[in-house]
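Participant: This is the structure I want to talk about, given as structure tokens.
2 protein chains.
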Amino acid sequence: LSADSLVAGALAGDRRALGRLISLVEDGGPEVGPVMRALYPHTGGAYSLGITGAPGAGKSTLTERLVGRVRADGHSVGVLAVDPSSPLSGGALLGDRVRMQSHATDPDVFIRSMATRGHLGGMSLATPEAMRVLDAAGKDYIVVETVGVGQAEVKVTDACDTTVVVLNPGWGDAVQAAKAGLLEVADVFVINKADRKGVRAAERELAQMLELSPVERKPEIIPTVATTGEGIDALWAAIERHRAAQSDEDMALARRRRIAAEIRDIAIERYRARLEERCAGILDRLAEEVEARELDPYEAAAQLSGATESHRRGPR
Amino acid sequence: LSADSLVAGALAGDRRALGRLISLVEDGGPEVGPVMRALYPHTGGAYSLGITGAPGAGKSTLTERLVGRVRADGHSVGVLAVDPSSPLSGGALLGDRVRMQSHATDPDVFIRSMATRGHLGGMSLATPEAMRVLDAAGKDYIVVETVGVGQAEVKVTDACDTTVVVLNPGWGDAVQAAKAGLLEVADVFVINKADRKGVRAAERELAQMLELSPVERKPEIIPTVATTGEGIDALWAAIERHRAAQSDEDMALARRRRIAAEIRDIAIERYRARLEERCAGILDRLAEEVEARELDPYEAAAQLSGATESHRRGPR
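First to last, the sequence lines map onto chains R and V. For the first sequence, our numbering puts the final residue at 316, and the numbers step up evenly by one. For the second sequence, our numbering puts the final residue at 632, and the numbers step up evenly by one.
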């Protein structure tokens, strides 16, 4: 299928076309630009939720419950489960099939695991692009769930309108969240597995951390038990309150800031691609010279930049 | 103090100079290039260990024990505790003072927390540079401990000669490790907190995962109890075996690969800096046009790239 017919299919809500477009975005090839251009005028209607937190915190189950909540209101939803890339082999370990079996047959729920097949820039770029595919296809809500809490994951949820950070009861989780830079990105905190001991202590600890942090709008803290559904309505209400609390200007400003970051990232990726396509031989030679200590890495990088420029300008 | 005298101080082993050079590297300013050039001829003597794993796995305590082990052999050691940046406020939450108090007064142990003060590229670049500072200062070993297990952290430990991945007993930890792409980067696995239940199960699960993975050299799996020191000698022996098992050619190849990645990253950072310094106004205007849907992000990025190029070539 051509990119044009995939775009037409996605706009008509065809699931196969949606899946293929997201694969295309993951690959990050030359068709991404034209596809994004074609989809872009159709975007802007979806509201996006980011779900992040430590591995094992219960993010997938919570996402499944939130999808159920959104569906109960009759809205359509697209879910992107973003896995960090495996640096050598690539690819997500858990397939889409084991995820969210309760929604597997619902035509208004589109679920997709995403892995970046390459470098760091890939993840933070591919996610907003995949979100745009779902947005253009008319999904009312987009939920982006990350696997971990590294920098790349934090950056991914930064592309969402409301970011939910999932913690568990137990001493130290709030400290870890602060260390991972999550206090600043959370719009709503969830303390999941709230049937365990230590929920009050976790809430208190988190509230203290937030008190010390420079964050202006203090996020709500909602206890949940995702496995039973307890607290999901309260969480949804908190998400809606966060959505309502943002003025149109706030939202526009946040969107412009994200768009600027995306444009910059695309420009940097174009540069990286240029380096990799045209300068591989030069880079190998430079690395050998640096290893032999005939050159230092900075001088080598300056030579590499120069080589890219002259390649770009073409032979003279 | 000038950069020259800081370099002279660091080469003479002055701790204050070392600390100031690492701060300089964290800031990533224009002095980094000249400093790296001056230090580079003095590097190549240190052996580097990366310690990574989930938050709370016991990495800090394990690092403290490994430092004790290295010191018992009479070797000097530099420790870099790499924290992911807090996307808004920046900075490491835990200071150096609370870390590794047992080595705080040892002049042959240099401990430093590092935070990137900015973007993703910063972390993966700043760490090898800080390692080079410690290497030039004559440290026999360099230990790089990460806070989390995100992509950026995995990339950081990729700069080390031997990478140790720390897990805990408990179902799912090996699965999480696989999801985070840790199977491929681990040279040695540690199952820390091995006084808890589930050590054998964790070992078995990990061994099965490794069996399924395409990794050629299967890493050893060492149970430890970092809080008591149990298993630390066995871990050290496994690290030494990994070191001995690499041929000179393997090591040279791995180093060249890392150097090539570093040169490429420096070139990309130079490009990013150029974008941010010279094109901020253009970027704001482009973001507004994209938000108004007069332009799509790809076309905007192409215009931004063009603007960078013409800035670089100067006014015509």
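C-beta atoms are modelled at their ideal positions from N, C-alpha and C, and glycine is treated no differently.
I need the DSSP call for GLY394(V), collapsed to helix, strand or coil.
Facilitator: As a position in the second sequence, residue 394(V) is number 78, starting the count at 1. In the structure shown, GLY394(V) sits in a strand (DSSP, three-state: E or B).
Participant: Do we get a CB-CB distance below 9 Å when we pair GLN176(R) with the residues of chain V?
Facilitator: Within the first sequence, residue 176(R) is the residue found at index 176, counting from 1. For GLN176(R), the answer is yes, since a Cβ of chain V falls inside 9 Å of its Cβ.
Participant: By the three-class DSSP mapping on this structure, what secondary structure does GLY95(R) have?
Facilitator: Locating residue 95(R) in the first sequence gives position 95, counting from the first residue. Reliability fails at GLY95(R), whose pLDDT of 43 lies under 50, so the model's placement of it is uncertain and the value that follows must be treated cautiously. GLY95(R): coil per DSSP, three-state reduction.
Participant: Taking only runs of the beta strand (DSSP E) that begin and end inside the segment 171 to 196 of chain R, which ones reach a length of at least 3 residues, in chain order?
Facilitator: Taking 3 residues as the minimum length, the beta strand (DSSP E) runs contained wholly in the segment 171 to 196 of chain R are 188 to 191, in order along the chain.
Participant: How about LEU483(V) and ALA373(V): are their beta carbons less than 9 Å apart?
Facilitator: Walking along the second sequence from the start, residue 483(V) turns up at place 167. Walking along the second sequence from the start, residue 373(V) turns up at place 57. For LEU483(V) and ALA373(V), yes; Cβs fall inside 9 Å.
Participant: Taking 8 Å as the line, does the beta carbon of GLU519(V) fall inside it for any heavy atom of the ligand MG?
Facilitator: For the structure depicted, the ligand MG is absent and the ligand set is empty, with no information on it obtainable.
Participant: State yes or no: is the C-beta of VAL188(R) within less than 9 Å of the C-beta of ILE259(R)?
Facilitator: As a working note, residue 188(R) is residue 188 in the first sequence. As a working note, residue 259(R) is residue 259 in the first sequence. Contact flag unset, no.
Participant: Can you name the start and end residues of the beta strand (DSSP E) that TYR587(V) belongs to?
Facilitator: In the second sequence, the residue the question calls residue 587(V) occupies position 271. TYR587(V): not part of any beta strand (DSSP E); member of the alpha helix (DSSP H) spanning 564 to 594, first to last residue.
Participant: Here's the rule I'm using: 16 or more other beta-carbon atoms within 10 Å means buried, otherwise exposed. How should MET36(R) be labelled?
Facilitator: Locating residue 36(R) in the first sequence gives position 36, where the first residue counts as 1. Flag for MET36(R) reads buried.
Participant: Does the contact criterion of 3 or more C-beta pairs under 8 Å hold for the segment 600 to 620 of chain V versus the segment 20 to 29 of chain R?
Facilitator: no
Participant: Exposed or buried, LYS471(V), counting other C-beta atoms within 10 Å across all chains shown (16 or more means buried)?
Facilitator: Mapped onto the second sequence, residue 471(V) falls at position 155. LYS471(V) is buried by the Cβ-count criterion.
Participant: Within the 9 Å Cβ cut-off, does ASP612(V) reach chain B?
Facilitator: Of the protein chains in the structure, R and V, none is chain B.
Participant: Would you say VAL290(R) lies against chain V (beta-carbon separation less than 9 Å)?
Facilitator: As a working note, residue 290(R) is residue 290 in the first sequence. With 9 Å as the cut-off, VAL290(R) counts as an interface residue toward chain V.
Participant: Restricting to Cα atoms, I'd like to know which of LEU620(V), HIS391(V) and ARG590(V) is closest to SER305(R).
Facilitator: For the purposes of this step, residue 305(R) is taken as the residue at position 305 of the first sequence. Comparing Cα-Cα distances from SER305(R) to each of LEU620(V), HIS391(V) and ARG590(V), the minimum goes to ARG590(V).
Participant: Against MET352(V), what residues of chain R qualify as contacts under a CB-to-CB distance less than 7 Å, listed in chain order?
Facilitator: Position 36 of the second sequence, counted from the start, is the residue given in the question as residue 352(V). By Cβ distance, chain R contributes ASP296, PRO297 and TYR298.
Participant: Considering only the beta carbon of each residue, do MET525(V) and VAL491(V) sit closer than 9 Å?
Facilitator: Here residue 525(V) is taken as the residue at index 209 of the second sequence, counted from 1. Here residue 491(V) is taken as the residue at index 175 of the second sequence, counted from 1. The beta carbons of MET525(V) and VAL491(V) sit closer together than 9 Å.
Participant: Using the Cα positions of VAL460(V) and ALA502(V), report the straight-line distance between them to the nearest angstrom.
Facilitator: Start at 1 with the first residue of the second sequence, and residue 460(V) comes out as number 144. Start at 1 with the first residue of the second sequence, and residue 502(V) comes out as number 186. Going by the C-alpha atoms only, they are around 14 Å apart.
Participant: Applying the 10 Å Cβ sphere with the 16-neighbour rule, what's the burial state of SER48(R)?
Facilitator: Start at 1 with the first residue of the first sequence, and residue 48(R) comes out as number 48. Label assigned to SER48(R): buried.
Participant: Per DSSP, which one or two residues make a beta bridge with PRO539(V)?
Facilitator: Position 223 of the second sequence, counting from 1, holds the residue named residue 539(V). In DSSP, PRO539(V) forms a bridge with ILE507(V).
Participant: I'd like to know whether the C-beta atoms of ALA453(V) and LEU327(V) end up nearer to each other than 9 Å.
Facilitator: Position 137 of the second sequence holds residue 453(V). Position 11 of the second sequence holds residue 327(V). The answer is yes: Cβ separation under 9 Å.
Participant: In this structure, how does DSSP classify GLU461(V) when only helix, strand and coil are distinguished?
Facilitator: On the second sequence, position 145 is the one that residue 461(V) refers to. Here GLU461(V) sits in strand by DSSP.
Participant: So, ALA194(R) versus VAL225(R), is the Cβ gap smaller than 9 Å?
Facilitator: As a working note, residue 194(R) is residue 194 in the first sequence. As a working note, residue 225(R) is residue 225 in the first sequence. Closer than 9 Å, so yes.
Participant: Identify the contact partners of ASP281(V) in chain R, using a Cβ-Cβ distance below 7 Å as the criterion.
Facilitator: Residue coverage of chain V in this structure runs from 317 to 632, which leaves residue 281(V) outside it and unanswerable.
Participant: Quick one: list the residues of chain R neighbouring GLY526(V), beta-carbon separation under 9 Å, in chain order.
Facilitator: Looking up residue 526(V) in the second sequence gives position 210. The sequence as given places Leu at residue 526(V); Gly does not occur at that position. By Cβ distance, chain R contributes nothing, its closest Cβ being about 13 Å from LEU526(V), past 9 Å.
Participant: Considering only C-alpha positions, which residue in the set ALA252(R), ASP73(R), ALA300(R) and GLY50(R) is nearest to VAL79(R)?
Facilitator: As a working mapping, residue 79(R) is identified with position 79 in the first sequence. The candidate whose alpha carbon is nearest that of VAL79(R) is GLY50(R).
Participant: Less than 8 Å between the CB atoms is what I'm expecting for ILE538(V) and VAL515(V), so what's the real figure, rounded?
Facilitator: One-based indexing of the second sequence puts residue 538(V) at position 222. One-based indexing of the second sequence puts residue 515(V) at position 199. The pair is not a contact, with the Cβ atoms about 11 Å apart (cut-off 8 Å).
Participant: Should ARG588(V) be labelled buried (16 or more other beta-carbon atoms within 10 Å of its own) or exposed?
Facilitator: Locating residue 588(V) in the second sequence gives position 272, where the first residue counts as 1. In this structure ARG588(V) is buried. Its beta-carbon is surrounded by 16 or more other beta-carbon atoms within 10 angstroms.
Participant: Mind checking whether GLY384(V) and SER418(V) have CB atoms under 9 Å apart?
Facilitator: Along the second sequence, one-based indexing puts residue 384(V) at 68. Along the second sequence, one-based indexing puts residue 418(V) at 102. Yes, the pair counts as a contact, with Cβ atoms nearer than the cut-off.
Participant: To the nearest angstrom, report how far apart VAL348(V) and GLU203(R) are at their CA atoms.
Facilitator: The count along the second sequence starts at 1 and reaches residue 348(V) at position 32. The count along the first sequence starts at 1 and reaches residue 203(R) at position 203. Taking the straight line joining both Cα atoms gives about 43 Å.
Participant: Buried or exposed: where does GLU249(R) fall if 16 or more other Cβ atoms within 10 Å of its Cβ makes it buried?
Facilitator: Locating residue 249(R) in the first sequence gives position 249, counting from the first residue. Classification of GLU249(R): exposed, given that the 10 Å Cβ count is below 16.
Participant: With distance defined between alpha-carbon atoms, name the residue in ARG71(R), GLU289(R), ALA245(R) and THR61(R) nearest to ASP161(R).
Facilitator: By one-based count along the first sequence, residue 161(R) stands at place 161. The option with the nearest alpha carbon to ASP161(R) is ALA245(R).
Participant: Does any residue of chain R have a CB that is nearer than 9 Å to the CB of ILE575(V)?
Facilitator: Taking the first residue of the second sequence as 1, we reach residue 575(V) at position 259. Yes, its Cβ sits closer than 9 Å to a Cβ of chain R.
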